[in-house]
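The sequence shown begins at 95 in the working numbering and counts up by one. Scroll down for the structure; my scribbles are underneath it.
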Amino acid sequence: MSTNTAKILTLERFLPYQLSVSSNKISGFFADIYRDKFALSITQWRIMAILGEYPDSSADEVSNKTQIEKSILSRAISKLLHRHLIQRVFCESDKRRSMLSLTDTGMDVYNEVVPLSYQYEQQLFECFDLQEKEQFNSLLEKLYKHTENLQTNI
């Protein structure tokens, strides 16, 4: 009979698990709004949000900013193109490279979703005072940068 000397993992206190569950819960609520009111998936909305902030971005740039896997991103881009919410313009000098941007219809949807996004974010932060909110954002940014450094050192 072997004895298990490994430390027990308390999943509910394990940071990657806590972040994942929190993200799923937060995104899940907002996904209902995207889907019900705008017929958008979370991935599709994130693409539109990036293009609203960074017009004329390549698919690679969108992928880097959203951390969405390229195959999932490609399918979402196809759906947005089909719905005429975004457009693709191929570069004159290199036909393999294209830039994505919101169409007028896409910009209308974007302009409707953004205030809802801020309203929901405000509701999320109601449990924090101003100092806690600033500290939370600062710590998230610090953790994100640290994980980037960890990935480059592996």
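Note that beta-carbon positions come from the ideal geometry of N, C-alpha and C, so glycine has one too. No experiment lies behind these values; they were computed from the predicted model shown.
Close CB contacts of Phe222 within its chain, under the 8 Å cut and outside five residues either way in sequence, are with Phe230 (chain order).
Measuring C-alpha to C-alpha distances from Leu175 to each of Arg191, Thr199, Gln161 and Thr160 identifies Thr199 as the nearest. Burial is judged here by how many other beta carbons sit within 10 angstroms of a residue's own beta carbon; Arg191 has fewer than 16 and is exposed. With contact defined as three or more Cβ pairs closer than 8 Å, the region 122 to 130 and the region 206 to 221 are in contact. Per DSSP, Ser135 is not a residue of any beta strand (DSSP E), being assigned neither H nor E.
Nearest to Pro149 by C-alpha distance, out of Glu106, Ser195 and Gln138, is Ser195.
Beta-bridge pairing by DSSP links Val183 to Met193.
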